[in-house]
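Participant:
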Amino acid sequence: MDTYIGKGIPRIESFEKVTGIAKYVNDLSFPGMLYAKMKLSPHAHAKIKKIDVSKAKELPGVKAVLTGQELNYKQGLYLRDKDILAQGKVRYQGEPVAAVAAVSEEIAEKAVSLIDVEYELLSPVFDPVEAIKEGAPLIHEDLGSYQYMKGVFHPVPGTNIANHHKLRKGDVEKGFKESYKIIENEFTMPQVAHVPMETHAVIAEWLPNDKIKVCTSAQSPFAVRNLMSNTLGVPVAKIEVEVPYLGGGFGGKAGIHLEPLAALLSKKAGGRPVKLVAKREEEFNTLPCRQALVARIKTGVSKEGRILAQEITYYWDAGAYADYGVNIGRAAGYSGAGPYDIKNVKLDSYTIYTNHVFGTAYRGFGHVEFMWAIERQMDIIAHELGMDPYEFRMKNLLKPGSITITGEKIRENTGRVDKCLESVAKEIVWGTKKTEEERKAEIAQGKITGKGLAVLHKAPAMPTFTSCSAVAKFNDDGTVNIIIAGTDMGQGTYTALAQIAAETLKMPIEKINIVWDCDTKTNPYDWQTVASRFLFMGGNAVIRACDDMIDQMKEVASAVLRAPKDELEIGEEKVYIKHNPDEFVTYQQLALGYVYPNGNAIGGPIIGRGKYIAQGLTNLDPETGQGLPAIDWTYGAHGVEIEIDIKTGDLTIKKIASVFDVGKVINKLLTEGQVKGGVIQGIGTGLFEGYIYNKDGKLLNSSFTDYKIPTAKDIPDEIVVDFVETPQLDGPFGARGVAEHPMISVNAAIANAIYDAIGVNINDQPLTSERIWRALKEAGF
Amino acid sequence: MIKPIEYVKPNSSEEAVQALSEPGSKVLAGGTDLLVNMRNKVIAPEVLVDIKGIEELKGIRFENDKLFIGSTVTINELVEDKRIAQTYPILKEAGSVLASYQVRNRATVGGNLCNASPAADMAPPLLVLQAKAVIYGNDGLKEVPLKDFFVGVKRTILKQNEILVGLNVPVKDGYGKYYKKSRIKGHDLSIVGVAGWRTDDYLYFGIGACAVTPKLIEVDVKGISKQEAVQLSKEKVFNEIDPITDIRATAEYRRAMLEVFIERIVNEIM
Amino acid sequence: MKKVKEITVTVNGEKHTVNVKENKTLLQFLREDLALTGTKEGCGAGECGACTVIMNGKAVNSCLVLAVEADGAEIITIEGITKDGELSKIQKAFIKHQAFQCGFCTPGMIMSAKALLDRNPNPTEEEIKEAIAGNLCRCTGYFPVIDAIKDVVEGRIE
Ligand SMILES: Cc1cc2nc3c(=O)[nH]c(=O)nc-3n(C[C@H](O)[C@H](O)[C@H](O)COP(=O)(O)OP(=O)(O)OC[C@H]3O[C@@H](n4cnc5c(N)ncnc54)[C@H](O)[C@@H]3O)c2cc1C
Ligand code: FES
Ligand code: FES
């Protein structure tokens, strides 16, 4: 049989998706269902003096009205700091202060408009650097009493610092003293929205027996169940969470969001199901986005171009809540120097509360933001040293034998960032400089071209004890159902898992069914589908579940075939004797138990179990950040060729080449698709996206009218995707994750190309045509 | 959600005007501005008067020395019209960069003008073509030069019970060009929109997204060189237009793009 | 005011004569009254194209059309382009190129592609991009969508 690994197999759910029969949360409805709407705060920071809901309650058709006063709960993943509805005060505009459930959307909307809220304005703070200064308005007065994951996070009560992650490696002062040059820069990045095309949606039922049923657009049903239980004090066993098809997540649907609110509304309405679907504006304004970043980097280099010391401070604008955001600060703390071999590093990563919309996980988990800073800084250093940025990077990249900033040793099989860089450089023909004549000719045409490179790395950012499990069971006809609780929100993992199962069981993929609609009541545990970990961990769990089936089949077949187990082999849906393949039993014969001709039976239904838990990870030392945070590292690089209109600043990407060391490509078609989609999302971040607030902290671009994402007309003229395959020894068939990586460093590669074209460094995002136009002015065009 | 409304669909202008005499009523053409504003609770009309069934508001007709564009002609009908493409490619250029393909299947020329957004893409080219708005109301039909049609941000001279029947565009030889600057290449409102038109010894500029209304500026270029024309055009434009800063662009960038487009246009059409 | 109106509309070949609320959009009517949930809402404001359907032969944003405006119209939705269980060429091409990931934009994207190919069986790459630029997709980066449509144009799909 041909191998399934590496094949370009279309998504197993393709038919459902091209015919419109795939059902997403908002496509479902239940008898007696109510519709919920939220009342949002217009202020960034204000005391709630009074909420009058009497008129809303009186409106016929209204079945439940809730305000924060009634809801003494805190929700959150790593740091439980978030109100379900604002309690006592609001911390960002767009924060829900009250909610209504009614028999129709129309009535719910009307009821919300009848709620009167009286506010007393508090002074807000928006800039994370300002927010940690003495005397800045405090956003969470009670930070000291919040629950959080101890030993992993380090909030500083009495300040706006939700987490301070420290890393100390070597002796930076010594490194700076030995340096030939010291280069210091500041880089910034605004908040960016995830923009899944499906907004957050949930239907919840809180039955009179205190059983809670939730159907939600979440990336992880088990995380929702666990966090709902923590938040509401309801035992896990009484909560059922189901996730049907998901219309994209990108991190924004990880953790917990509107589920507790919908459930509490249902409770108040006597147990009728309540549907709450975020409007697009609420998706921008009320639900979380990606954190903004101010990055300060000071680098000492030798004359030969080796980085000797680097001091980094990351100021993360967490916004009003940091329940998930603290872990982004932590990830930046162990990964934040990029894939470089640096002896002396001092890094401080502060996750800071402000009165902005709050931040959360977003594809790349901090890496899009800080790699922007690192990869710009690397280019700037190369230019200051008069070195080629490619050569400079090659000199400093991590290689087998290097020690990472947390003290991890890079091995032959860790992955090769240098090979990725080499490959993209070749693809864009790096190194051929324009002649002065060519440059003049370009300028005469009104266009100027440039090339840029950038590298990236990322490991899954997750707790040390993250685990996953899978069940594989035979159906009567010898087909296999795989049940797993990671979700497939479009990334195609279910298809890859089907390939892995088919490969392991040596049977046709058509006979493997990955059970859709992920559900805590029937599916075995999985932590969360985030961090590019699902293929790695889920893949390992599925292999083990299939191996368990094989073992059980051999056990029975050994009796049937009267041969020792270790002389049995599988293939073509049969268990046979290695040296005598004509002696066999079929999977189907074994599926539910083998029956002898005389009617005797042995075995019984075959159900395989597989599990995987992150191995060898340690918490990081609170003072030095040393330890082992990563189960695997995926490396990559981008090379871009751009063209700039010298009058308008319009930028066109002529070509982008992206290469990743994925260990092993499990499904070429899907992996390439993942990369292309990620690269375009990276271009969105790079070129146009970002939250814009007015001075009072009101979000001005909370709809698609002014929050622009790339359309089909905004893509590069050409995209080239390739892979390096350095097998991950503990990865399924050698694979590692590549879900988030494609969007990391795209922005930096483009800015580096802008420098190449016009000789101006742009250190703030996004690279709008107006910003490029300013740079052109600066360059004297 | 759109609040409850009543929907009427008159068959004639008279009926429409009558229906519009009710307070709280509003014309519905393609609905691509109106329904969005209603959803966003910017406005809350009680009665919508759908004018798409009215014969005299339809169609594109060339009649001797003038072109008539019915107010309910959709942007795509305009863009796909062969004679328009030949005679007034500038209208096609502007229409092609207005919104997305689907929106253009509904969006009407009349709606674009009556909505009176400073950034309305059809306004600059129709201004430079000296279009006249044909208005129907209680006193019957009247014609008003389009430049006098806009009176403020989202405000026109139309009274509550008046409708725009269409546009009369004098047919004259000339060369034109429309440039639009927006943030992305896909559908987006303009930061700056400039239409330029040359007939005889005059240059006309229609400027969008730079002032409270789309503006028409006339420049006499008799006997002067291209270079001088560029200079003079910029002067004239900046005499009347002082762009503002908003979230889409700064005033400075708008000014710069105005200059770039004026220069490009003069070089192309003179 | 009764604010309800009787309309007759043909959806995917089936004629419906029904009373609809006058403030209901075509999108709500299709999803709520006819249970055709294939057509999605991504913004409700004409910006994302997830709600694209074909109305009298033209791709439109069904969130910006009132159901009452569709009186007498012929509507085709994603549910109406599969004939007797056989996928249309566009759908097959979308599968071949994996022109979707999460699938949420897909019904609208396919309807835009169909409207394009119905009016112009030989579009250029630019025309393809123009036709689908009103359909936002956060997952695919559009390349596979364009490749899929090109495959249909160039006769590579059976
Ligand atoms: C996603 C999206 C993108 C867009 N992009 C652009 C763009 O790039 N450029 C641009 O210019 N516009 C853009 N628009 C705005 C809009 O599509 C256009 O302005 C369109 O031409 C409006 O026409 P309509 O027929 O839909 O008007 P409607 O929404 O029906 O009406 C608009 C206003 O005009 C009034 N009205 C309409 N017709 C008449 C009439 N004959 N007599 C009296 N009053 C009338 C209505 O009462 C209403 O107040 C966009 C809209 C959307 C949803
Ligand atoms: S839902 Fe209609 S365009 Fe977005
Ligand atoms: S496939 Fe997810 S938005 Fe297009």
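Protein chains in written order, with UniProt numbering: chain U, 1 to 781; chain H, 1 to 270; chain W, 1 to 158.
Note that CB positions come from ideal geometry on N, CA and C, so glycine has one too.
Just so you know, these numbers come straight off a predicted model, no measurement behind them.
#1: Can you check the stretch 317-405 of chain U for any alpha helix (DSSP H) of at least 4 residues that lies completely inside it and give the ranges in chain order?
#2: Any heavy atom of ligand 2 inside 7 Å of the beta-carbon of E93 (chain H)?
#3: With 8 Å as the threshold, decide whether the Cβ of L535 (chain U) is near any Cβ in chain W.
#4: Classify D50 (chain H) as helix, strand or coil using the three-state DSSP reduction.
#5: Any C-beta of chain W within less than 8 Å: which residues of the stretch 105-137 of chain H qualify?
#6: Rounded to the nearest angstrom, what separates M1 (chain W) and L35 (chain H) at their Cα positions?
#7: Using a Cβ-Cβ distance under 8 Å, would I709 (chain U) count as near chain W?
#8: Going by C-alpha to C-alpha distance, which of U:K655, U:L85, U:P137, U:D547 sits closest to T449 (chain U)?
#9: At which residues does the beta strand (DSSP E) containing W430 (chain U) begin and terminate?
#10: Which chain U residues sit within Cβ distance under 9 Å of K129 (chain W)?
#11: Exposed or buried, N122 (chain W), counting other C-beta atoms within 10 Å across all chains shown (16 or more means buried)?
#12: Quick check: the Cα distance between K611 (chain U) and F534 (chain U), rounded to an integer number of angstroms?
#13: For the pair the stretch 90-108 of chain H and the stretch 59-66 of chain W, tell me if three or more CB-CB distances fall below 8 Å.
#14: Within its chain, find whatever has a CB closer than 6 Å to the CB of P157 (chain U); leave out the 5 residues flanking it on each side and keep chain order.
#15: Using a 10 Å radius around the Cβ and a threshold of 16 neighbouring Cβ atoms, would you call A201 (chain U) buried or exposed?
#16: Determine the closest residue to V659 (chain U) out of U:P508, U:V679, U:C420, with distance taken between C-alpha atoms.
#17: Run through DSSP, which three-state label would R104 (chain H) get?
#18: Report the residue from W:I128, W:K24, W:L36 whose alpha carbon sits nearest the alpha carbon of I75 (chain W).
#19: Can you determine whether any heavy atom of ligand 2 sits closer than 7 Å to the C-beta of C51 (chain W), and answer yes or no?
#20: According to a CB-to-CB cut-off of less than 7 Å, which residues of the stretch 124-153 of chain W neighbour chain H?
#21: Any beta-carbon of chain H closer than 8 Å to the one on K5 (chain W)?
#22: With distances taken from CA atoms, which of U:E718, U:G151, U:G684 is nearest K708 (chain U)?
#23: Quick one: is I262 (chain H) near chain U, going by C-beta distance under 8 Å?
#24: Determine the extent of the alpha helix (DSSP H) in which R264 (chain H) is found, giving its start and end residues.
#25: Using a 10 Å radius around the Cβ and a threshold of 16 neighbouring Cβ atoms, would you call T74 (chain H) buried or exposed?
#26: For M197 (chain U), verify whether its CB is less than 7 Å away from any heavy atom of ligand 3.
#27: Who are the neighbours of residue 846 (chain U) on chain W, taking C-beta pairs under 8 Å?
#28: So the candidates are U:N160, U:A218, U:D81; which of them puts its Cα closest to the Cα of N26 (chain U)?
#29: Any beta carbon from chain H within less than 8 Å of N122 (chain W)'s own beta carbon?
#30: For A559 (chain U), which residues from the same chain have a beta carbon less than 7 Å from its beta carbon, with the 5 sequence-adjacent residues on both sides left out?
#31: Can you check the UniProt domain "2Fe-2S ferredoxin-type" (5-81) of chain W for any beta strand (DSSP E) of at least 3 residues that lies completely inside it and give the ranges in chain order?
#32: Please report the residue range of the alpha helix (DSSP H) in which M109 (chain W) lies.
#33: Whose C-beta lies closer than 6 Å to the C-beta of H187 (chain H) among residues of the same chain, with five residues either side of it excluded?
#34: Strictly by DSSP, which residues pair up with D764 (chain U)?
#35: What residue does the beta strand (DSSP E) around M38 (chain U) start on, and which one ends it?
#36: Among U:N600, U:M189, U:K47, whose alpha-carbon lies nearest the alpha-carbon of P124 (chain U)?
Facilitator: Here's the rundown:
#1: 325-335, 367-385, 389-396
#2: Your numbering for residue 93 (chain H) matches position 93 in the second sequence. False, no ligand heavy atom lies under 7 Å from that Cβ.
#3: Stepping through the first sequence from its first residue, residue 535 (chain U) is reached at position 535. When Cβ-Cβ separations below 8 Å define contact, L535 (chain U) makes no contact with chain W.
#4: Against the second sequence, residue 50 (chain H) aligns to sequence position 50. Three-state DSSP puts D50 (chain H) in a strand.
#5: N105, R106
#6: Locating residue 1 (chain W) in the third sequence gives position 1, where the first residue counts as 1. Locating residue 35 (chain H) in the second sequence gives position 35, where the first residue counts as 1. Note that M1 (chain W) scores 47 on pLDDT, short of 50, meaning its location in the model is unreliable; the coordinates nonetheless yield the value given after this. One C-alpha to the other measures close to 20 Å.
#7: Taking the first sequence and counting its residues from 1, one reaches residue 709 (chain U) at position 709. Answer yes: the Cβ-Cβ gap between I709 (chain U) and chain W drops below 8 Å somewhere.
#8: The residue labelled residue 449 (chain U) in the question sits at position 449 within the first sequence. It is U:K655 whose Cα lies nearest to the Cα of T449 (chain U).
#9: Against the first sequence, residue 430 (chain U) aligns to sequence position 430. Careful: W430 (chain U) lies outside any beta strand (DSSP E) and carries neither H nor E.
#10: Walking along the third sequence from the start, residue 129 (chain W) turns up at place 129. The answer, in chain order, is T711, A712, K713, I715.
#11: What you label residue 122 (chain W) is simply residue 122 of the third sequence in a count that begins at 1. Looking at its Cβ environment, which holds fewer than 16 other Cβ atoms inside 10 Å, N122 (chain W) is exposed.
#12: Taking the first sequence and counting its residues from 1, the one referred to as residue 611 (chain U) is at position 611. Taking the first sequence and counting its residues from 1, the one referred to as residue 534 (chain U) is at position 534. Distance between the alpha carbons of K611 (chain U) and F534 (chain U) is about 12 Å.
#13: yes
#14: Working through the first sequence from its first residue, we reach residue 157 (chain U) at position 157. Counting only Cβ-Cβ distances below 6 Å, and skipping sequence neighbours, we find L143, G144.
#15: Along the first sequence, one-based indexing puts residue 201 (chain U) at 201. Flag for A201 (chain U) reads buried.
#16: Looking up residue 659 (chain U) in the first sequence gives position 659. Ranking the options by Cα distance to V659 (chain U), first place goes to U:C420.
#17: For the purposes of this step, residue 104 (chain H) is taken as the residue at position 104 of the second sequence. Of the three classes helix, strand and coil, the one that applies to R104 (chain H) here is helix, per DSSP.
#18: Residue mapping note: residue 75 (chain W) aligns to position 75 of the third sequence, counting from 1. That would be W:L36, whose Cα lies nearest to the Cα of I75 (chain W).
#19: Stepping through the third sequence from its first residue, residue 51 (chain W) is reached at position 51. It does: the Cβ of C51 (chain W) is within 7 Å (strictly closer) of some heavy atom of ligand 2.
#20: E130, A131, A133, G134
#21: Residue mapping note: residue 5 (chain W) aligns to position 5 of the third sequence, counting from 1. Closer than 8 Å: yes.
#22: Reading the first sequence from its first residue, position 708 is the one you call residue 708 (chain U). The residue with the shortest Cα to Cα distance from K708 (chain U) is U:G684.
#23: Against the second sequence, residue 262 (chain H) aligns to sequence position 262. Output row for I262 (chain H): interface = no.
#24: In the second sequence, residue 264 (chain H) corresponds to position 264, counting from 1. Unbroken alpha helix (DSSP H) run through R264 (chain H): 251-269.
#25: As a working note, residue 74 (chain H) is residue 74 in the second sequence. T74 (chain H) should be labelled buried.
#26: The count along the first sequence starts at 1 and reaches residue 197 (chain U) at position 197. Yes, Cβ of M197 (chain U) sits closer than 7 Å to a heavy atom of ligand 3.
#27: With chain U running from 1 to 781 in the structure shown, residue 846 (chain U) is simply not present.
#28: To locate residue 26 (chain U), count along the first sequence from 1; it is residue 26. When each option's Cα is compared against that of N26 (chain U), the closest is U:A218.
#29: Locating residue 122 (chain W) in the third sequence gives position 122, counting from the first residue. It does not: the Cβ of N122 (chain W) has no partner Cβ on chain H nearer than 8 Å.
#30: Position 559 of the first sequence, counted from the first residue, corresponds to residue 559 (chain U). These residues qualify, in order along the chain: I602.
#31: 14-21, 52-55, 58-61, 74-76
#32: The sequence position of residue 109 (chain W) within the third sequence is 109, counting from 1. Start and end: 106-119.
#33: Here residue 187 (chain H) refers to the residue found at position 187 of the second sequence. Cβ contact annotation for H187 (chain H) (same chain, cutoff 6 Å, sequence separation greater than five): A99, S100, in chain order.
#34: On the first sequence, position 764 is the one that residue 764 (chain U) refers to. The partner list for D764 (chain U) (beta bridge, DSSP) reads U:T188.
#35: Here the question's residue 38 (chain U) lines up with position 38 in the first sequence. Note, M38 (chain U): beta strand (DSSP E), 34-40.
#36: In the first sequence, the residue the question calls residue 124 (chain U) occupies position 124. Of the listed residues, the one whose Cα sits closest to P124 (chain U) is U:K47.
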